[in-house]
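Participant: Residue numbers (the working numbering): 146 to 385.
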(Lines of atoms letter the chains of each structure in order from A and count residues from 1; the text may use other names and numbers.)
(Lines give C-alpha, C1' and ligand atoms only; values in the text may rest on other atoms or scores of the structure.)
Protein backbone atom coordinates (compact mmCIF):
# COMPACT_ATOMS: atom_id res chain seq x y z
CA UNK A 1 0.00 0.00 0.00
CA UNK A 2 2.60 2.55 -1.10
CA UNK A 3 -0.12 5.17 -1.60
CA UNK A 4 -0.99 5.26 2.10
CA UNK A 5 2.60 5.02 3.24
CA UNK A 6 3.43 8.06 1.12
CA UNK A 7 0.66 10.20 2.63
CA UNK A 8 0.78 8.94 6.24
CA UNK A 9 2.72 11.97 7.50
CA UNK A 10 0.04 14.29 6.11
CA UNK A 11 -3.07 12.20 6.73
CA UNK A 12 -4.35 14.38 9.56
CA UNK A 13 -4.12 17.48 7.35
CA UNK A 14 -5.87 15.74 4.45
CA UNK A 15 -8.59 14.02 6.46
CA UNK A 16 -9.14 15.76 9.82
CA UNK A 17 -11.63 14.32 12.28
CA UNK A 18 -15.17 14.47 10.89
CA UNK A 19 -17.54 15.13 13.80
CA UNK A 20 -20.58 14.13 11.73
CA UNK A 21 -19.12 10.61 11.49
CA UNK A 22 -18.90 10.49 15.27
CA UNK A 23 -22.53 11.59 15.64
CA UNK A 24 -23.66 9.12 12.96
CA UNK A 25 -22.10 6.17 14.77
CA UNK A 26 -23.27 7.36 18.19
CA UNK A 27 -26.81 7.85 16.87
CA UNK A 28 -27.01 4.27 15.62
CA UNK A 29 -27.06 2.83 19.16
CA UNK A 30 -29.19 3.70 22.22
CA UNK A 31 -26.47 2.89 24.78
CA UNK A 32 -23.06 2.95 23.06
CA UNK A 33 -21.22 3.19 26.39
CA UNK A 34 -22.03 -0.51 26.93
CA UNK A 35 -20.92 -1.68 23.49
CA UNK A 36 -17.81 -2.78 21.57
CA UNK A 37 -16.77 -1.43 18.18
CA UNK A 38 -14.35 -2.45 15.44
CA UNK A 39 -13.05 0.33 13.16
CA UNK A 40 -11.80 -1.09 9.84
CA UNK A 41 -9.46 1.06 7.77
CA UNK A 42 -8.80 3.32 10.74
CA UNK A 43 -5.98 5.34 9.16
CA UNK A 44 -4.08 7.29 11.81
CA UNK A 45 -6.81 6.70 14.37
CA UNK A 46 -8.48 10.06 14.99
CA UNK A 47 -12.01 8.69 14.61
CA UNK A 48 -11.20 5.56 16.63
CA UNK A 49 -9.91 7.66 19.51
CA UNK A 50 -12.99 9.89 19.49
CA UNK A 51 -15.32 6.88 19.46
CA UNK A 52 -13.43 5.31 22.37
CA UNK A 53 -14.73 8.19 24.49
CA UNK A 54 -18.27 6.98 23.73
CA UNK A 55 -18.03 3.18 23.38
CA UNK A 56 -16.93 0.71 26.04
CA UNK A 57 -14.32 -0.97 23.82
CA UNK A 58 -12.75 0.06 20.51
CA UNK A 59 -10.39 -2.01 18.38
CA UNK A 60 -9.05 -0.36 15.22
CA UNK A 61 -7.32 -2.05 12.30
CA UNK A 62 -5.58 -0.95 9.11
CA UNK A 63 -3.64 -2.90 6.51
CA UNK A 64 -0.96 -0.23 6.25
CA UNK A 65 1.75 -0.39 8.92
CA UNK A 66 2.66 3.28 8.54
CA UNK A 67 -0.90 4.30 9.40
CA UNK A 68 -0.94 2.17 12.55
CA UNK A 69 2.50 3.50 13.52
CA UNK A 70 1.10 7.04 13.33
CA UNK A 71 -1.93 6.00 15.38
CA UNK A 72 0.27 4.43 18.06
CA UNK A 73 2.28 7.65 18.34
CA UNK A 74 -0.81 9.21 19.91
CA UNK A 75 -0.36 6.84 22.90
CA UNK A 76 -4.07 6.58 23.57
CA UNK A 77 -4.49 3.40 25.65
CA UNK A 78 -8.27 3.04 25.26
CA UNK A 79 -7.91 2.01 21.60
CA UNK A 80 -6.33 -1.29 20.58
CA UNK A 81 -4.63 -0.51 17.25
CA UNK A 82 -3.60 -3.46 15.07
CA UNK A 83 -2.22 -4.10 11.59
CA UNK A 84 -4.72 -6.47 10.00
CA UNK A 85 -6.30 -7.33 6.66
CA UNK A 86 -10.05 -6.69 6.59
CA UNK A 87 -10.51 -10.17 5.09
CA UNK A 88 -8.97 -11.76 8.20
CA UNK A 89 -11.42 -10.42 10.79
CA UNK A 90 -13.28 -13.67 11.45
CA UNK A 91 -10.02 -15.51 12.08
CA UNK A 92 -8.63 -12.60 14.07
CA UNK A 93 -11.57 -11.99 16.37
CA UNK A 94 -13.99 -14.93 16.27
CA UNK A 95 -17.76 -14.98 16.12
CA UNK A 96 -19.98 -12.48 17.96
CA UNK A 97 -17.11 -10.27 19.11
CA UNK A 98 -18.52 -6.79 18.38
CA UNK A 99 -21.74 -4.81 18.59
CA UNK A 100 -20.68 -2.53 15.74
CA UNK A 101 -18.31 -2.72 12.80
CA UNK A 102 -17.56 0.52 10.94
CA UNK A 103 -15.69 0.90 7.66
CA UNK A 104 -15.53 4.50 6.42
CA UNK A 105 -13.33 6.46 4.02
CA UNK A 106 -14.06 4.40 0.87
CA UNK A 107 -12.09 1.51 2.38
CA UNK A 108 -14.47 -1.19 1.16
CA UNK A 109 -13.80 -0.63 -2.55
CA UNK A 110 -10.11 -1.36 -2.11
CA UNK A 111 -11.24 -4.99 -2.25
CA UNK A 112 -10.72 -6.11 -5.82
CA UNK A 113 -13.94 -7.98 -6.64
CA UNK A 114 -17.55 -8.66 -5.69
CA UNK A 115 -16.40 -12.03 -4.38
CA UNK A 116 -14.01 -10.37 -1.91
CA UNK A 117 -16.64 -7.84 -0.83
CA UNK A 118 -19.16 -10.64 -0.25
CA UNK A 119 -16.53 -12.50 1.79
CA UNK A 120 -16.08 -9.37 3.91
CA UNK A 121 -19.84 -9.07 4.47
CA UNK A 122 -20.07 -12.75 5.50
CA UNK A 123 -17.20 -12.35 7.96
CA UNK A 124 -18.63 -9.11 9.35
CA UNK A 125 -22.01 -10.71 10.01
CA UNK A 126 -20.28 -13.55 11.86
CA UNK A 127 -18.26 -11.28 14.16
CA UNK A 128 -21.28 -9.12 15.00
CA UNK A 129 -23.31 -9.89 18.09
CA UNK A 130 -27.10 -10.12 18.14
CA UNK A 131 -28.63 -6.77 17.10
CA UNK A 132 -25.21 -5.65 15.85
CA UNK A 133 -24.72 -3.24 12.97
CA UNK A 134 -22.32 -2.74 10.08
CA UNK A 135 -21.86 0.92 9.18
CA UNK A 136 -19.87 1.75 6.06
CA UNK A 137 -19.27 4.57 3.60
CA UNK A 138 -17.98 4.61 0.05
CA UNK A 139 -18.28 6.99 -2.89
CA UNK A 140 -21.58 6.84 -4.78
CA UNK A 141 -20.25 5.08 -7.87
CA UNK A 142 -23.61 5.20 -9.63
CA UNK A 143 -23.01 8.95 -9.69
CA UNK A 144 -19.39 8.61 -10.84
CA UNK A 145 -20.17 6.16 -13.66
CA UNK A 146 -23.63 7.20 -14.88
CA UNK A 147 -23.13 10.96 -14.71
CA UNK A 148 -19.47 10.76 -15.69
CA UNK A 149 -17.89 12.60 -12.78
CA UNK A 150 -14.12 12.69 -13.28
CA UNK A 151 -13.03 13.50 -9.75
CA UNK A 152 -13.83 14.52 -6.21
CA UNK A 153 -13.60 18.04 -4.78
CA UNK A 154 -10.02 19.14 -4.13
CA UNK A 155 -9.04 19.26 -0.46
CA UNK A 156 -7.00 22.36 0.34
CA UNK A 157 -5.87 24.13 3.49
CA UNK A 158 -2.85 26.11 4.66
CA UNK A 159 -0.66 22.99 4.72
CA UNK A 160 -1.66 20.86 1.72
CA UNK A 161 -3.54 20.62 -1.55
CA UNK A 162 -4.96 17.19 -2.43
CA UNK A 163 -6.30 16.69 -5.96
CA UNK A 164 -8.42 13.57 -6.56
CA UNK A 165 -9.33 12.35 -10.05
CA UNK A 166 -11.17 9.27 -11.30
CA UNK A 167 -10.75 7.41 -14.59
CA UNK A 168 -13.30 4.66 -15.23
CA UNK A 169 -12.37 1.67 -17.40
CA UNK A 170 -15.63 -0.06 -18.46
CA UNK A 171 -13.92 -3.07 -20.05
CA UNK A 172 -12.25 -3.93 -16.73
CA UNK A 173 -15.03 -2.45 -14.56
CA UNK A 174 -12.31 -0.68 -12.61
CA UNK A 175 -11.60 2.87 -11.51
CA UNK A 176 -8.16 4.43 -11.36
CA UNK A 177 -8.01 6.79 -8.38
CA UNK A 178 -5.34 9.33 -9.31
CA UNK A 179 -4.11 11.76 -6.66
CA UNK A 180 -1.66 14.63 -6.42
CA UNK A 181 -0.69 15.75 -2.92
CA UNK A 182 1.15 19.08 -2.77
CA UNK A 183 2.98 20.00 0.44
CA UNK A 184 2.83 23.78 0.41
CA UNK A 185 5.79 24.49 2.68
CA UNK A 186 8.27 22.40 0.69
CA UNK A 187 6.38 22.49 -2.63
CA UNK A 188 6.86 18.71 -2.79
CA UNK A 189 4.36 16.78 -4.90
CA UNK A 190 3.39 13.17 -4.25
CA UNK A 191 1.54 11.44 -7.10
CA UNK A 192 -0.22 8.10 -6.80
CA UNK A 193 -2.67 5.89 -8.66
CA UNK A 194 -4.59 3.00 -7.10
CA UNK A 195 -7.27 0.75 -8.56
CA UNK A 196 -10.71 0.65 -6.93
CA UNK A 197 -13.79 -1.50 -7.51
CA UNK A 198 -16.74 0.75 -8.56
CA UNK A 199 -19.34 -0.81 -6.27
CA UNK A 200 -22.91 0.15 -7.17
CA UNK A 201 -25.93 0.47 -4.87
CA UNK A 202 -27.74 -2.48 -6.45
CA UNK A 203 -24.65 -4.66 -5.96
CA UNK A 204 -24.44 -3.64 -2.30
CA UNK A 205 -28.07 -4.64 -1.73
CA UNK A 206 -27.58 -8.02 -3.39
CA UNK A 207 -24.39 -8.78 -1.46
CA UNK A 208 -25.92 -7.79 1.88
CA UNK A 209 -28.87 -10.05 1.08
CA UNK A 210 -26.58 -12.96 0.20
CA UNK A 211 -24.58 -12.45 3.40
CA UNK A 212 -27.77 -12.67 5.46
CA UNK A 213 -28.15 -9.14 6.81
CA UNK A 214 -31.74 -8.55 7.93
CA UNK A 215 -32.18 -4.92 6.89
CA UNK A 216 -30.22 -1.93 5.58
CA UNK A 217 -30.65 1.76 4.92
CA UNK A 218 -28.85 4.04 2.45
CA UNK A 219 -27.98 7.69 3.10
CA UNK A 220 -26.40 10.46 1.06
CA UNK A 221 -24.20 11.67 3.92
CA UNK A 222 -23.49 11.14 7.62
CA UNK A 223 -26.38 13.44 8.56
CA UNK A 224 -28.74 10.73 7.27
CA UNK A 225 -30.05 12.77 4.36
CA UNK A 226 -31.60 10.73 1.57
CA UNK A 227 -29.32 9.19 -1.04
CA UNK A 228 -29.90 10.77 -4.45
CA UNK A 229 -28.34 10.28 -7.86
CA UNK A 230 -26.25 13.40 -7.22
CA UNK A 231 -24.97 12.33 -3.79
CA UNK A 232 -21.20 11.94 -3.65
CA UNK A 233 -20.98 9.82 -0.47
CA UNK A 234 -22.96 6.62 -0.07
CA UNK A 235 -23.49 5.63 3.55
CA UNK A 236 -25.00 2.32 4.68
CA UNK A 237 -26.41 1.18 8.02
CA UNK A 238 -26.94 -2.60 7.92
CA UNK A 239 -28.56 -4.65 10.69
CA UNK A 240 -27.37 -8.17 11.42
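Backbone N, C-alpha and C define an ideal beta-carbon position, used for all residues, glycine too.
Source: prediction; values computed, not measured.
From what residue to what residue does the beta strand (DSSP E) around residue 276 run?
Facilitator: Position 131 of the chain shown holds residue 276. Start and end: 273-284.
Participant: What are the start and end residues of each continuous beta strand (DSSP E) run of 3 or more residues lying completely inside the region 269-357, in chain order?
Facilitator: With a minimum length of 3 residues, the continuous beta strand (DSSP E) runs that stay inside the region 269-357 are 273-284, 296-301, 305-314, 319-328, 333-341.
Participant: Measure from the alpha carbon of residue 179 to the alpha carbon of each residue in 304, 274, 310, 307, then state which is nearest.
Facilitator: Taking the first residue of the chain shown as position 1, residue 179 is located at position 34. Among 304, 274, 310, 307, the Cα nearest to that of residue 179 belongs to 274.
Participant: Closest to residue 340 by CA distance: which of 305, 310, 185 is it?
Facilitator: Translated into the one-based positions of the chain shown, residue 340 becomes position 195. Of the listed residues, the one whose Cα sits closest to residue 340 is 310.
Participant: Buried or exposed: where does residue 314 fall if 16 or more other Cβ atoms within 10 Å of its Cβ makes it buried?
Facilitator: The sequence position of residue 314 within the chain shown is 169, counting from 1. The residue in question, residue 314, is exposed, as its Cβ has fewer than 16 Cβ neighbours within 10 Å.
Participant: Within 8 Å, do at least three Cβ pairs link the region 210-217 to the region 239-250?
Facilitator: The region 239-250 vs the region 210-217: no contact.
Participant: Of all the beta strand (DSSP E) runs that stay within the bounds of the region 158-244, which reach a length of 3 or more residues?
Facilitator: If we require 3 residues or more, the beta strand (DSSP E) runs fully inside the region 158-244 come out as 181-185, 202-207, 224-228.
Participant: Nearest to residue 326 by CA position, among 337, 264, 172, 188, is which residue?
Facilitator: Taking the chain shown and counting its residues from 1, one reaches residue 326 at position 181. It is 337 whose Cα lies nearest to the Cα of residue 326.
Participant: Tell me where the beta strand (DSSP E) around residue 362 begins and ends.
Facilitator: For the purposes of this step, residue 362 is taken as the residue at position 217 of the chain shown. Where residue 362 is concerned, the enclosing beta strand (DSSP E) stretches over 360-364.
Participant: So the candidates are 165, 277, 218; which of them puts its Cα closest to the Cα of residue 196?
Facilitator: Locating residue 196 in the chain shown gives position 51, counting from the first residue. Comparing Cα-Cα distances from residue 196 to each of 165, 277, 218, the minimum goes to 165.
Participant: When DSSP labels each residue in this structure, what does residue 369 get in the three-state scheme?
Facilitator: Position 224 of the chain shown, counted from the first residue, corresponds to residue 369. It is coil, neither helix nor strand.
Participant: Tell me the DSSP secondary structure of residue 379 in three-state form.
Facilitator: In the chain shown, residue 379 corresponds to position 234, counting from 1. Strand.
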